[in-house]
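Asks:
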Amino acid sequence: MGAGGGHVTYRLADHAGKVTACDLSEEMVAAILARSAGRGLANVQGQVARAEALPFADGCFDFLACRFSAHHWQDFEAGLREARRVLAAGGRALFIDVIAPEEPRADVHLQAVELLRDTSHVRDYRQSEWIAALGRAGFAVEKSHGWRLRMDFAVWTERMRTPPDHLAAIRSLQRQAPAEVARHFAIEEDGSFHIDVMMFEAR
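Just so we're on the same page, the working numbering is the position in the sequence shown counted from 1, plus 18.
1) Measuring only the C-alpha atoms, how far is Arg25 from Arg221?
2) Quick one, are the C-beta atoms of Ile205 and Gln192 less than 8 Å apart?
3) Report yes if the CB atom of Ala151 is closer than 8 Å to the CB atom of Phe94, and no otherwise.
4) Alpha carbon to alpha carbon, what distance is there between Gly64 and Arg102?
5) How far does the alpha helix (DSSP H) with Thr94 in it extend, from its first residue to its last?
6) Would you mind stating whether Ala69 and Gly20 have Cβ atoms separated by less than 8 Å?
7) With a threshold of 6 Å on Cβ separation, who are the neighbours of Ala83 within its own chain once the five nearest residues in sequence on each side are excluded?
8) For the beta strand (DSSP E) that Glu219 lies in, which residues bound it at each end?
9) What does DSSP give as the partner residue(s) for His163 in the beta ladder?
10) Touching or not, the segment 121-131 and the segment 172-191, by the rule of three or more beta carbon pairs under 8 Å?
11) Alpha carbon to alpha carbon, how far is Ile149 from Asp115? Give it in angstroms, no decimals.
12) Asp76 to Val104, Cα distance in whole Å?
13) Less than 8 Å between the CB atoms is what I'm expecting for Ile117 and Val215, so what's the real figure, rounded?
14) Per the DSSP calculation, Gly64 is bridged to which residue(s)?
15) Rounded to whole angstroms, what is the Cα-Cα separation between Cys40 and Ala71?
16) Considering Asp80, what are the terminal residues of the beta strand (DSSP E) in which it resides?
17) DSSP beta-bridge partners for Asp115?
18) Helix, strand or coil: which one does DSSP assign to Met169?
19) With Ala49 as the anchor, note down where its alpha helix (DSSP H) starts and where it stops.
20) For Arg144, which residues does DSSP report across the bridge?
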């Protein structure tokens, strides 16, 4: 789900009989299929679809992976329900995404800079929100693991071609951030900072 640049697709294709790369962007899916063909991965197929309305039969997948995609979904809980629906009984799911801090001011800061950087951003969810939403969708979380990731400001913004006025707004928010928020994100002089990422393994 949310196959994006295809990084997970290519890895899975080395170990699975068939992999379906699903993404909202037709261009992304076409690029994945072209690159898969170039890599000799004949077991990759593509599907353009919204996470909240997957065009697949119930229980048709043995494994589902979603990496850095859920924060773009218009309806987070609907996307998780769809993920559970298309997963076979006993199948496993892996979700990886940026995690918002539980502290409200740090949470608001993160959402603001994310949206300024990429206007398709909806929300980075807190760990507590993820666990609760996965449970409501019918998943049982078996394992979770978190880590910190440094975001190089120039690379992070150039990747999305963030416009100059949005860059200036992000830097202004960083400079004006309360001390505890600046500490949490370890904001550096050039705007680089650290975020929390978490992986959830569920059935």
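A virtual CB, placed ideally from N, CA and C, is assigned to each residue, including glycine.
Replies: To lay it out plainly:
1) It is worth fixing the name first, because residue 25 is His in this sequence and not Arg. One C-alpha to the other measures close to 22 Å.
2) yes
3) yes
4) 20 Å
5) Residue identity differs from the one stated: residue 94 is Phe in this sequence, not Thr. Run containing Phe94: Phe94 to Val104, per the alpha helix (DSSP H) assignment.
6) yes
7) Val26 and Leu112
8) Phe211 to Ala220
9) Met217
10) yes
11) 13 Å
12) 5 Å
13) 6 Å
14) Ala39
15) 11 Å
16) Phe79 to Arg85
17) Met216
18) strand
19) Glu44 to Gly56
20) Ala118
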